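I have placed the structure first, in the form of structure tokens, so that the comments after it can refer back to it.
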Amino acid sequence: MNARFLGLGGTRPLPAIVLVARREVRMRLRSRVFLGGTIVMAVLVVVGIAAASLLAGKTNPVRVGFSGGSQALEPTFAASAAALGGNVTVSDIADVTAGKAQVTAGTLDVLVIGTSTSPTAVAKDAIPSNIESALSLAAEAARLTDAGLTPAAVKSAMALVPVQLLQPPNPKDTQNVLASLALGILLWIALGQYGNMVAQGVVEEKATRIMEILLATIQPSRLLAGKVIGIGLVGLLQLTIVGAAALVAVHVTNVAPIPALGVASILGDIFWFLLGFLFYATAYAAVVFLVSRQEEVQSAVAPISILQIAGYLLMYAALPNPNGPLATVCSLLPPFAPILMPVRMAATDVPFWQVGLAAGLILASIVGLTWLAGRMYTNAAMRIGARVRFMDAFRGSART
Amino acid sequence: MSTDRRLEIDGISKRYGETVAVQDLSFDVHAGELFGFVGRNGAGKTTTMRIVLGVLTPDKGEVRWGGVPLDFATRRRIGYMPEERGLYPKMRLIEQLAYLGELHGMTGSDARVSALRWLDRFGLKDRANDDLQALSLGNQQRVQLAAALVFGPDVLVLDEPFAGLDPVAVDVMADVLRERADARVPVIFSSHELELVERICDRVGIIDRGKMVACGTVDELRAGGQERRWIDVPGAPSDWEAGVPGVRLVQADGTRRLFELDPGVDDQALLQAGLKTGPVREFERVEPTLGEIFRTVIEGAAA
Chain X
4 MNARFLGLGG TRPLPAIVLV ARREVRMRLR SRVFLGGTIV MAVLVVVGIA
54 AASLLAGKTN PVRVGFSGGS QALEPTFAAS AAALGGNVTV SDIADVTAGK
104 AQVTAGTLDV LVIGTSTSPT AVAKDAIPSN IESALSLAAE AARLTDAGLT
154 PAAVKSAMAL VPVQLLQPPN PKDTQNVLAS LALGILLWIA LGQYGNMVAQ
204 GVVEEKATRI MEILLATIQP SRLLAGKVIG IGLVGLLQLT IVGAAALVAV
254 HVTNVAPIPA LGVASILGDI FWFLLGFLFY ATAYAAVVFL VSRQEEVQSA
304 VAPISILQIA GYLLMYAALP NPNGPLATVC SLLPPFAPIL MPVRMAATDV
354 PFWQVGLAAG LILASIVGLT WLAGRMYTNA AMRIGARVRF MDAFRGSART
Chain R
252 MSTDRRLEID GISKRYGETV AVQDLSFDVH AGELFGFVGR NGAGKTTTMR
302 IVLGVLTPDK GEVRWGGVPL DFATRRRIGY MPEERGLYPK MRLIEQLAYL
352 GELHGMTGSD ARVSALRWLD RFGLKDRAND DLQALSLGNQ QRVQLAAALV
402 FGPDVLVLDE PFAGLDPVAV DVMADVLRER ADARVPVIFS SHELELVERI
452 CDRVGIIDRG KMVACGTVDE LRAGGQERRW IDVPGAPSDW EAGVPGVRLV
502 QADGTRRLFE LDPGVDDQAL LQAGLKTGPV REFERVEPTL GEIFRTVIEG
552 AAA
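Just so you know, the protein sequences line up as chains X and R, in that order.
Note that the first sequence ends on residue 403 in the working numbering; no numbers are left out.
Note that the second sequence ends on residue 554 in the working numbering; no numbers are left out.
The following block contains the structure:
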């Protein structure tokens, strides 16, 4: 490895797989497509995270002003509002007319006027329900105190009813759903892009006839493996760069910690990308052996493209209910697992056995596809010209 | 590998469905020998070469190198130039050649040195860092030959290496092939340029419809052929040769005539018949060219 792998001269011949993979990496890294694609993806991810952090910062506190006798309610109101999950700032307003003007102007959200036992809330067009409740609770407490109850008695009388949730909502929130959606789209684009790169690369070798020279010196399966490994490494590098950009952006914008953007999650996503890439790359490679010209690639890969698009649509169908039967079943199936499983894992807690089963199934199908692709390669690689029928390539009966 | 540096093609047959591409084809090429492989389009030349390279599997027969059937390891030592040229259009010449050298088992540094050497030999050293697609077709073909030579092959199998080259490039390529043959590398190449084949090849194989119909040195191939004479008898009547048995008029050019003699016919009889009618200005023995031999052999095979 090291200097030798980088091609800075060598003292020993390298294995053919390494040579093929190294060529793919070098050629792809040098292309503008890679550079441009990486920059575009990184910029999109960073912009998305910045936008998310702006949206998250939008939960500004509700500004509540108290005038006259109602000012006595301020401490109890603030406590009740906090208990009800409201984020408030409390201020004294000296002049009611000026206060109303502030409410109209939007510099104050709620103005409380009147006495502590019979206050009135003034708002522009609406008042958040938790603010209204907190105010009512504060007024009630004031009336009870006024009626002669001790502060302790008031406190016990006013105690909130404890709530016991049998099915507590998932701690992963909307932000997570959004993040996992973005992640799914990113994975989907990457899988499509790199799968197609393998397909184009294989056809290029057939169309330019270099296949004939290569096959005289390297076994088809090794040529295929080297190609898939090389392009996979390039994809991995690109995703790592984009992932690193995402982590830096999260750190800089200090957006509320989104679990889907944690290091562990990103590593998990890369793992699923690799499985998905191997699955789709070998599937693409197997079918494009049947054609000889670039123009025929699209029609040859159509069945696989349809699976990929179905996976994309399923992602939208599955996200609203990431633990529903549709999402669960589809995320186990090899063609969809590379996108649906990481998306589900970002959106919710997925049982470990499901993750394991999905990974096992896709690994098994990768092995099967590799065998199929190797067979296709051997039988169809030299059939240049007419499109090869699938069964002919599979059986390897007739050759040209 | 072996002291017997000889490539033997032994009884290979290959059919595609109903079509017979090659049938029971045998020949061999020795070290130091340039072997020209000629035949009409579709005669089976390319199929034969692909079988030698292992990109096609024959239905029958085998190919041996030094007496041992070719396997993957020995095939890697064959330099191959396919009929359909094939290199990466968007890869730099030097990288492309070095890559192929490494695939054939060279170290990275050796491959680069050799790649540069061959580019220099073909006058393309200045273009070493250009993409292949930036070159003219003729230059691309030189690169293609360099690709077959870069790893110092034990055998060269070249499918129409001269097609589309300018006369200077033809000379360079012919020199290179001769030089490789002199370095004890058996060289097989196919070509439709029979004049060139006749000029540079030690032996020639003529293939027709999948069968080897003639194989040997050009002189050996001539031996079985028709004898021809040009004779110019300006003052003779038009049918002066009528009394000479076994003589056939092939071509007339003014008073010059080209006759074909049947096997065993004495050309002196023709000369004397001419002299009887007047002075003979010219009497020349014509060696059939490879092109003529080729046509005769192909016609004979068809009959």
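From the three backbone atoms N, C-alpha and C, an ideal C-beta is built for every residue, glycine too.
Here the structure is a predicted model, which means the values were calculated and not measured.
Three CB pairs or more closer than 8 Å across the segment 396–409 of chain R and the segment 447–458 of chain R: no
Limits of the beta strand (DSSP E) - the one that Ala126 of chain X falls within: Reading the first sequence from its first residue, position 123 is the one you call residue 126 of chain X. First-last of the beta strand (DSSP E) with Ala126 of chain X: Pro122 to Ala126.
Chain-ordered chain X contacts of Ile482 of chain R [CB-CB under 9 Å]: What you label residue 482 of chain R is simply residue 231 of the second sequence in a count that begins at 1. What Ile482 of chain R touches in chain X: nothing, since even the nearest Cβ is about 52 Å away.
Rounded C-alpha distance that separates Val253 of chain X from Gln311 of chain X: The count along the first sequence starts at 1 and reaches residue 253 of chain X at position 250. The count along the first sequence starts at 1 and reaches residue 311 of chain X at position 308. Between Val253 of chain X and Gln311 of chain X, the C-alpha separation is close to 29 Å.
Collapsed DSSP secondary structure at Cys466 of chain R in the structure displayed: Counting from one through the second sequence, the residue named residue 466 of chain R turns up at place 215. Strand at Cys466 of chain R.
Buried versus exposed, by CB contacts within 10 Å (16 or more), Leu76 of chain X: Within the first sequence, numbered from 1, the residue matching residue 76 of chain X stands at position 73. Residue burial annotation: Leu76 of chain X is buried, with at least 16 other C-beta atoms found within 10 angstroms of its C-beta.
Exposure label - Leu111 of chain X; buried when at least 16 CB within 10 Å: The sequence position of residue 111 of chain X within the first sequence is 108, counting from 1. Answer is buried; the Cβ neighbour count reaches 16.
Straight-line Cα distance separating Leu304 of chain R from Met4 of chain X: On the first sequence, position 1 is the one that residue 4 of chain X refers to. On the second sequence, position 53 is the one that residue 304 of chain R refers to. Unreliable positioning characterises Met4 of chain X in this predicted model, as indicated by a pLDDT of 41, which lies under 50. The coordinate reading is nonetheless provided below. Approximately 32 Å between the Cα atoms of the pair.
Where Ser253 of chain R falls: helix, strand or coil (DSSP): One-based indexing of the second sequence puts residue 253 of chain R at position 2. Because the pLDDT at Ser253 of chain R is just 43, under 50, the model does not fix this residue reliably, and the value given afterwards should be weighed accordingly. Three-state result, Ser253 of chain R: coil.
Which residues DSSP lists as bridging Ala113 of chain X, in chain order: Your numbering for residue 113 of chain X matches position 110 in the first sequence. Looking at the sequence shown, residue 113 of chain X is not Ala but Val. Paired residue(s): X:Val67 and X:Ala126.
Cβ shell of Ala552 of chain R (< 8 Å), same chain only, five flanking positions each side left out: As a first step, residue 552 of chain R is located in the second sequence; it is residue number 301 there, counting from the start. In chain order, Asp459, Arg460, Lys462 and Val464 place their CB closer than 8 Å to the CB of Ala552 of chain R, counting only its own chain and leaving out the 5 sequence neighbours on each side.
Below-9 Å beta-carbon distance, Met357 of chain R vs any chain X residue: In the second sequence, residue 357 of chain R corresponds to position 106, counting from 1. Chain X places a beta carbon closer than 9 Å to that of Met357 of chain R, counting this residue as a contact.
Three-state secondary structure assigned by DSSP to Ile457 of chain R: Translated into positions along the second sequence, residue 457 of chain R becomes position 206. Of the three classes helix, strand and coil, the one that applies to Ile457 of chain R here is strand, per DSSP.
Anticipated Cβ contact below 8 Å, Leu338 of chain R with Ala399 of chain R, distance rounded: Taking the second sequence and counting its residues from 1, the one referred to as residue 338 of chain R is at position 87. Taking the second sequence and counting its residues from 1, the one referred to as residue 399 of chain R is at position 148. Not quite, the Cβ-Cβ distance comes to about 11 Å (not below 8 Å), so this is no contact.
Backbone secondary structure at Lys265 of chain R - three-state DSSP: Your numbering for residue 265 of chain R matches position 14 in the second sequence. Correct three-state label for Lys265 of chain R: strand.
Own chain, CB closer than 6 Å to Val516 of chain R, minus 5 neighbours either side, in chain order: Translated into positions along the second sequence, residue 516 of chain R becomes position 265. Closer than 6 Å at Cβ, skipping near neighbours: Gly497.
Contacts around Lys311 of chain R, its chain only, beta-carbon distance under 6 Å, and the 5 residues preceding and following it disregarded: Mapped onto the second sequence, residue 311 of chain R falls at position 60. Cβ within range, chain order: Ser264.
C-beta neighbour in chain R for Ala361 of chain X, strict 9 Å: As a working mapping, residue 361 of chain X is identified with position 358 in the first sequence. Cβ-Cβ to chain R under 9 Å: no for Ala361 of chain X.
CA-to-CA distance, Gln196 of chain X to Leu87 of chain X, given in whole angstroms: In the first sequence, residue 87 of chain X corresponds to position 84, counting from 1. In the first sequence, residue 196 of chain X corresponds to position 193, counting from 1. Straight-line Cα distance between these residues: approximately 49 Å.
Cα-Cα separation between Asp377 of chain R and Ala289 of chain X, rounded to whole angstroms: For this step, residue 377 of chain R is matched to residue 126 along the second sequence. For this step, residue 289 of chain X is matched to residue 286 along the first sequence. Cα-Cα distance, rounded: 40 Å.
Extent of the continuous alpha helix (DSSP H) run through Asp361 of chain R: Position 110 of the second sequence holds residue 361 of chain R. Per DSSP, Asp361 of chain R belongs to the alpha helix (DSSP H) from Gly359 to Arg372.
Anticipated Cβ contact below 8 Å, Phe282 of chain X with Pro328 of chain X, distance rounded: The residue you call residue 282 of chain X lines up with position 279 of the first sequence. The residue you call residue 328 of chain X lines up with position 325 of the first sequence. With 8 Å as the limit, Phe282 of chain X and Pro328 of chain X do not qualify as a contact, their Cβ atoms being about 23 Å apart.
Segment contact, 8 Å Cβ cut-off, at least three pairs: the segment 338–348 of chain R with the segment 379–399 of chain R: yes
Chain-ordered chain X contacts of Ile345 of chain R [CB-CB under 9 Å]: Here the question's residue 345 of chain R lines up with position 94 in the second sequence. Neighbours of Ile345 of chain R on chain X: none; closest Cβ ~12 Å, over 9 Å.
Minimum C-alpha distance to Ala24 of chain X - residue among R:Arg266, R:Glu353 and R:Val289: Counting from 1 along the first sequence, the entry for residue 24 of chain X is found at position 21. When only C-alpha atoms are compared, the closest one is R:Glu353.
Under 9 Å by beta carbon: chain B residues contacting Met300 of chain R: Within the model displayed, chain B is absent; protein chains X and R are what it includes.
Contacts that Gly337 of chain R makes with chain X (C-beta to C-beta distance below 9 Å): The residue labelled residue 337 of chain R in the question sits at position 86 within the second sequence. The contacting residues are Glu208, Thr211, Arg212, Ile213, Met214, Glu215, Ile216 and Leu217.
Ser94 of chain X - DSSP class collapsed to helix/strand/coil: Within the first sequence, numbered from 1, the residue matching residue 94 of chain X stands at position 91. In the structure shown, Ser94 of chain X sits in a strand (DSSP, three-state: E or B).
Enclosing alpha helix (DSSP H) for Lys311 of chain R [first to last residue]: Mapped onto the second sequence, residue 311 of chain R falls at position 60. Note, Lys311 of chain R: premise wrong, no alpha helix (DSSP H); beta strand (DSSP E) at Lys311 to Trp316.
Bridge-paired residues (DSSP) for Tyr287 of chain X: Numbered from its first residue, the first sequence carries residue 287 of chain X at position 284. Per DSSP, none; premise fails for Tyr287 of chain X.
Interface residues of chain X facing Ala398 of chain R [CB-CB closer than 8 Å]: By one-based count along the second sequence, residue 398 of chain R stands at place 147. Ile216, listed in chain order.
Start and end residues, beta strand (DSSP E) containing Val408 of chain R: Residue mapping note: residue 408 of chain R aligns to position 157 of the second sequence, counting from 1. Val406 to Asp410 is the span of the beta strand (DSSP E), which, as asked, contains Val408 of chain R.
Collapsed DSSP secondary structure at Asp381 of chain R in the structure displayed: For the purposes of this step, residue 381 of chain R is taken as the residue at position 130 of the second sequence. In the displayed model, Asp381 of chain R falls within coil according to three-state DSSP, outside both helix and strand.
Residue from R:Thr270, R:Ser489 and R:Trp369 with nearest C-alpha to Val427 of chain R: Residue numbering aside, residue 427 of chain R sits at position 176 when the second sequence is read from its first letter. It is R:Trp369 whose Cα lies nearest to the Cα of Val427 of chain R.
Neighbour flag for Met424 of chain R against chain X, beta carbons, 9 Å: In the second sequence, counting from the first residue as 1, residue 424 of chain R sits at position 173. False, the Cβ-Cβ gap to chain X never drops below 9 Å.
Beta carbon proximity, Leu270 of chain X to chain R, threshold 9 Å: Taking the first sequence and counting its residues from 1, the one referred to as residue 270 of chain X is at position 267. Closer than 9 Å: no.
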